[in-house]
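Colleague: Okay, here's the structure, questions in a sec.
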Amino acid sequence: MAKAGDKSGSRGKKSLKRKATAEEPQEAAAAEDGAPESGVQLPKAAAFPPGFSISEIKNKQRRHLMFTRWKQQQRKEKLAIKKKLKKEREALGDKAPPKPIPKTIDNQRVYDETVVDPNDEEVAYDEATDEFASYFNRQTSPKILITTSDRPHGRTVRLCEQLSTVIPNSHVYYRRGLALKKIIPQCISRDFTDLIVINEDRKTPNGLILSHLPNGPTAHFKMSSVRLRKEIKRRGKDPTEHIPEIILNNFTTRLGHSVGRMFASLFPHNPQFIGRQVATFHNQRDYIFFRFHRYIFKSEKKVGIQELGPRFTLKLRSLQKGTFDSKYGEYEWVHKPREMDTSRRKFHL
Amino acid sequence: MAAAGARWNHVWVGTETGILKGVNLQRKQAANFTAAEQPRREEAVSALCWGAGGETQILVGCADRTVRYFSTEEGRFQGQKHCPGGEGTFRGLAQVDGTLITCVESGIIHVWHNNDKEASFDPLLELSVGPGVCRMRQDPAHPHMVATGGKENALKVWDLQGSEEPVFRAKNVRNDWLDLRVPIWDQDIQFLPGSQKLVTCTGYHQIRVYDPASPQRRPVLEATYGEYPLTAMTLTPGANSVIVGNTHGQLAEIDLRQGRLLGCLKGLAGSVRGLQCHPSKPLLASCGLDRVLRVHRIRNPRGLEHKDEPQEPQEAKKALPEDTETDELWASLEAAAKRKLPDLEPTQGALQTRRRKKKRPGSTSP
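Residue numbers (this note's numbering), protein chains in the order written: chain A, 2 to 350; chain B, 232 to 597.
What follows is the structure, encoded as structure tokens:
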């Protein structure tokens, strides 16, 4: 019954356009109640039984047809609603209500209790006395050692070289298969303040371990989307030796504060504004984007920027107290996907 | 700092900046208590234990080798005692019969006169246990017996009133399948009530039960959990199982009769530093390096009950008071505005103590 009903309905709606097949006029003759004649111009309302959905039509072509027709109708209705709203808005003029803000995942973020209040004294005290305090008090200046996992390939080596031009006072060393736990005491004795290890997998860099020495926290990141200098379009000339400024965006939670301070302590505390270079660590939805630009102020409000330097994206996997010791070290924060990634609107950094 | 009314805090937590926090679970508030006005890193809390006289006093062991006395009735620090001798921070604090027992990392156990003042400098008793101690625990049934254990320092049970030799000295397990010596790293010790047995959890993710009453000095039961060092342990009410936590924030309940894993608790993101079960109710308080205090429900059903974020690196120990029977009273006093914990009320049926209502000043962190 439904089939006959809907066939007649479809004929009823599109009787002018459809290529009439041989059976159609015969079925019209044997049509049930409510079925229109094939020659009627006005489309009659389709007599579908209630609770019918397009997906129940077994014939693929007809089903597709019904669906496209339904979609066109939806689109028309949507456009009509928009036009109506626009007209109402114009009619009201100044008294129109403000435009509603579209919902994005960033502005739907669940309330995070660990977001640091700028007036919080406990956190202020904690930060004033943690492992980075000596850097922020200008007592130590950074000296970085950059290395890779064993036997790196070309991309990783070039990334290390470019990173060392971006980070002042940094040295690249070839990792001759040495254990990190043996490298770290040697670094400490030579007054290095930070150790960066770029991990490589299948000829591309994919991980970053940032360890603050002598006994500071170790952060382990996943690195993705690495672009070397020659792969960046419309880039400027190579960076100079000037000390860059740093921008840390959106590190709001307590964990974010710790990570942000780790990044800040990589660069000397006295940026040289003559160089007009800036390194940006922008955190959005737990991904940290690193960019290196040169800027120039064309007027008071207009800036031109040129991207130099490598660009990559980081995601924090774990923050460990103490220097690198993944087996026996104590972790301050570990990313657990099955527990922490259950909500699309919850972020940790 | 609250002047009075600190007694309604259910959980006490010590932090790395030297602040002692009392958390009231009913009102979901935390109150900070410091000895000096400013927090100081040198006063980082490394050990906590209840003082004499029920649960009215807390002994706080700090990183600068002083033990501070905190009164829960008055809500302030009353005095302190400097405990020199040996090196390293406190690894165990206990008190018995008006004396104070301290153990430091280099393995020196001292018994001091507990008179609240700096007067007496000489310890009553000094005992050397061996270097690298990670924990000293007092037997609640026999207060003069203590157990110590640490890294490459086997489990030993000492009788402080007896001789200088340990009452029980554990032996290491046999060499493993490669004929290599199994290393020792006892991180936490608990005495099982009702018998002489002890449970330890090690940094090599093992949980071992020892029985001094048996002629066997090796562990009676051994179970493993996970692949990371276990840092904290607590007994569940009923004493058939223990809950352990490791450096990745994984909590697990292990049955001691069979050595089987009963279940895990989730939520922690950082290394577990302190675990404490309520003596009678199936509640567990856990704190760790991720700066959050969590209260879990151990059974029916297993889950997180309450989370508190004091924003400070939290360490060691909490002391869980027994007087949570007053929840019934508080529940009736609380306005409907505060979120009620629905599970606490049905478990309260039995005890309806009518205590004198004490007007609480609103205690929030300063």
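Quick reminder that beta carbons are idealized off the backbone N, C-alpha and C, glycines included. Only a predicted model underlies this, so the values are computations on that prediction, with no experimental measurement involved.
Just mark B/Lys512 as buried or exposed, buried being the case when its beta carbon has 16 or more other beta carbons within 10 Å.
Modeller: As a working mapping, residue 512 of chain B is identified with position 281 in the second sequence. Buried: at least 16 other Cβ atoms inside 10 Å.
Colleague: Figure out for me which residue from A/Leu249, A/Glu242, A/Lys100 and A/Gln321 has the closest Cα to the Cα of A/Arg277.
Modeller: As a first step, residue 277 of chain A is located in the first sequence; it is residue number 276 there, counting from the start. Closest option to A/Arg277, Cα to Cα, is A/Glu242.
Colleague: When DSSP labels each residue in this structure, what does B/Gly425 get in the three-state scheme?
Modeller: Counting from one through the second sequence, the residue named residue 425 of chain B turns up at place 194. It is coil, neither helix nor strand.
Colleague: How would you label A/Phe49, buried or exposed, when you count the other beta carbons within 10 angstroms and need 16 or more for buried?
Modeller: Counting from one through the first sequence, the residue named residue 49 of chain A turns up at place 48. Classification of A/Phe49: exposed, given that the 10 Å Cβ count is below 16.
Colleague: Helix, strand or coil for A/Cys161, going by three-state DSSP, please let me know.
Modeller: Start at 1 with the first residue of the first sequence, and residue 161 of chain A comes out as number 160. Here A/Cys161 sits in helix by DSSP.
Colleague: With 8 angstroms set as the bound, which would you pick, yes or no: does the beta-carbon of B/Asp328 sit closer than that to a beta-carbon of chain A?
Modeller: Within the second sequence, residue 328 of chain B is the residue found at index 97, counting from 1. Chain A contact via Cβ: absent.
Colleague: From this set, B/His436, B/Ala463 and B/Pro510, which residue's C-alpha is nearest B/Ala470's C-alpha?
Modeller: The residue you call residue 470 of chain B lines up with position 239 of the second sequence. Comparing Cα positions, the closest option is B/Pro510.
Colleague: Starting from B/Pro460, find everything on chain A with Cβ-Cβ shorter than 7 angstroms and list it in chain order.
Modeller: For the purposes of this step, residue 460 of chain B is taken as the residue at position 229 of the second sequence. Those within 7 angstroms of B/Pro460 in chain A are Tyr329.
Colleague: Just curious, the alpha helix (DSSP H) that B/Cys518 is in, first and last residue?
Modeller: Looking up residue 518 of chain B in the second sequence gives position 287. Counting along the chain, B/Cys518 falls outside any alpha helix (DSSP H), though it belongs to the beta strand (DSSP E) covering Leu514 to Gly519.
Colleague: Indicate whether B/Leu290 and B/Gln260 have their beta-carbon atoms separated by less than 8 angstroms.
Modeller: Mapped onto the second sequence, residue 290 of chain B falls at position 59. Mapped onto the second sequence, residue 260 of chain B falls at position 29. It is not a contact, given that the beta carbons lie outside the stated cut-off.
Colleague: Whole angstroms is fine: what's the gap from B/Trp343's alpha carbon to B/Thr320's?
Modeller: Position 112 of the second sequence, counting from 1, holds the residue named residue 343 of chain B. Position 89 of the second sequence, counting from 1, holds the residue named residue 320 of chain B. Cα-Cα distance, rounded: 17 angstroms.
Colleague: So, at 8 angstroms on beta carbons, what are the nonlocal neighbours of A/Glu331 in its own chain, with the 5 sequence-adjacent residues on each side left out?
Modeller: Stepping through the first sequence from its first residue, residue 331 of chain A is reached at position 330. Closer than 8 angstroms at the Cβ level, and outside the excluded window around A/Glu331, lie Gln321, Lys322 and Gly323.
Colleague: With respect to the beta strand (DSSP E) encompassing B/Thr246, which residues constitute its N-terminal and C-terminal limits?
Modeller: Within the second sequence, the letter at position 15 stands for residue 246 of chain B. Here the beta strand (DSSP E) through B/Thr246 covers Val242 to Thr246.
Colleague: Going by DSSP, which residues form a beta bridge with B/Asp419?
Modeller: Numbered from its first residue, the second sequence carries residue 419 of chain B at position 188. Per DSSP, B/Cys432.
Colleague: Enumerate in chain order the residues of its own chain whose CB-to-CB distance from A/Phe290 is below 7 angstroms, with the five nearest sequence positions on each side excluded.
Modeller: Taking the first residue of the first sequence as position 1, residue 290 of chain A is located at position 289. Cβ neighbours of A/Phe290 beyond the five flanking positions: His283 and Thr314.
Colleague: Is the CB of B/Asp295 under 8 angstroms away from at least one CB in chain A?
Modeller: Mapped onto the second sequence, residue 295 of chain B falls at position 64. No, because no Cβ of chain A sits closer than 8 angstroms to the Cβ of B/Asp295.
Colleague: Which ranges does the beta strand (DSSP E) cover as unbroken runs of at least 3 residues, wholly within the region 234 to 262 of chain A, from first to last along the chain?
Modeller: Here the runs fully enclosed are 246 to 250.
Colleague: To the nearest angstrom, how far is the alpha carbon of B/Gln309 from that of B/Tyr300?
Modeller: One-based indexing of the second sequence puts residue 309 of chain B at position 78. One-based indexing of the second sequence puts residue 300 of chain B at position 69. One C-alpha to the other measures close to 5 angstroms.
Colleague: By a C-beta neighbour count over all protein chains shown, 10 Å radius and 16 as the cutoff for buried, is B/Phe422 buried or exposed?
Modeller: Here residue 422 of chain B is taken as the residue at index 191 of the second sequence, counted from 1. Label assigned to B/Phe422: buried.
Colleague: To the nearest angstrom, how far is it from the Cα of B/Glu274 to the Cα of B/His537?
Modeller: The sequence position of residue 274 of chain B within the second sequence is 43, counting from 1. The sequence position of residue 537 of chain B within the second sequence is 306, counting from 1. One C-alpha to the other measures close to 28 angstroms.
Colleague: Measuring alpha carbon to alpha carbon, tell me which of A/His258, A/Ser142 and A/Leu350 ends up nearest A/Phe268.
Modeller: Residue 268 of chain A sits at position 267 when you count from the first residue of the first sequence. Among A/His258, A/Ser142 and A/Leu350, the Cα nearest to that of A/Phe268 belongs to A/Ser142.
Colleague: Could you name each continuous beta strand (DSSP E) segment of 3 residues or more that falls completely within the region 259 to 310 of chain A, going from the start of the chain to the end?
Modeller: With a minimum length of 3 residues, the continuous beta strand (DSSP E) runs that stay inside the region 259 to 310 of chain A are 278 to 285 and 288 to 298.
Colleague: Suppose only complete runs of 3+ residues qualify. What are the beta strand (DSSP E) ranges in the region 330 to 388 of chain B, listed by chain order?
Modeller: 330 to 335, 339 to 344, 356 to 359, 364 to 369 and 376 to 381, all fully within the region 330 to 388 of chain B.
Colleague: Inspect the CB distances between the region 188 to 208 of chain A and the region 144 to 159 of chain A and report whether three or more fall short of 8 angstroms.
Modeller: Flag = yes, the region 188 to 208 of chain A and the region 144 to 159 of chain A touch.
Colleague: Which of helix, strand or coil does DSSP assign to A/Gly155?
Modeller: Mapped onto the first sequence, residue 155 of chain A falls at position 154. Note: A/Gly155 maps to helix in three-state DSSP.
Colleague: Along chain B, in chain order, which residues have C-beta atoms closer than 7 angstroms to that of A/Lys322?
Modeller: Counting from 1 along the first sequence, the entry for residue 322 of chain A is found at position 321. The answer, in chain order, is Leu520.
Colleague: Could you name the residues of chain A that B/Ala500 contacts, counting a contact when the two beta carbons are closer than 9 angstroms?
Modeller: Within the second sequence, the letter at position 269 stands for residue 500 of chain B. Going along chain A in sequence order, the residues near B/Ala500 (Cβ under 9 angstroms) are Leu256, Tyr332, Glu333, Trp334, Val335, His336, Lys337, Glu340, Met341 and His349.
Colleague: Taking a Cβ distance cut-off of 8 angstroms, strictly less, list which residues of the region 424 to 451 of chain B are near chain A, in chain order.
Modeller: Flagged, chain order: Gly434.
Colleague: Mind listing the chain A neighbours of B/His479? Cutoff is C-beta to C-beta under 7 angstroms, in chain order.
Modeller: Within the second sequence, residue 479 of chain B is the residue found at index 248, counting from 1. Result: Tyr332 and Val335.
Colleague: Whose C-beta lies closer than 6 angstroms to the C-beta of B/Arg439 among residues of the same chain, with five residues either side of it excluded?
Modeller: Here residue 439 of chain B corresponds to residue number 208 of the second sequence, with the count starting at 1. So the list reads Thr431, Pro450 and Glu453, once near-sequence residues are dropped.
Colleague: How far does the beta strand (DSSP E) with A/Ile82 in it reach, from first residue to last?
Modeller: Here residue 82 of chain A corresponds to residue number 81 of the first sequence, with the count starting at 1. Element bounds for A/Ile82: not the beta strand (DSSP E) but the alpha helix (DSSP H), Lys61 to Leu93.
Colleague: Restricting to Cα atoms, I'd like to know which of B/Val475, B/Leu493, B/Arg488 and B/Gly490 is closest to B/Cys518.
Modeller: Residue numbering aside, residue 518 of chain B sits at position 287 when the second sequence is read from its first letter. Residue B/Val475 is the option with its Cα nearest to B/Cys518.
Colleague: Does DSSP put A/Asp195 in a helix, in a strand, or in coil?
Modeller: Taking the first residue of the first sequence as position 1, residue 195 of chain A is located at position 194. Here A/Asp195 sits in strand by DSSP.
Colleague: Between the alpha carbons of B/Gly380 and B/Gln369, how many angstroms are there, rounded?
Modeller: Translated into positions along the second sequence, residue 380 of chain B becomes position 149. Translated into positions along the second sequence, residue 369 of chain B becomes position 138. Approximately 12 angstroms, taken between the alpha carbons.
Colleague: Taking A/Ser171 as the reference, give the member of A/Ser266, A/Met341, A/Arg346 and A/Ser56 with the closest Cα.
Modeller: By 1-based counting over the first sequence, the position of residue 171 of chain A is 170. For the residues A/Ser266, A/Met341, A/Arg346 and A/Ser56, the minimum Cα distance to A/Ser171 belongs to A/Ser266.
Colleague: What does B/Glu383 reach in chain A if we use C-beta pairs closer than 7 angstroms?
Modeller: Counted from its first residue, the second sequence places residue 383 of chain B at position 152. Within chain A, no residue comes near B/Glu383; the closest Cβ sits about 14 angstroms away, beyond 7 angstroms.
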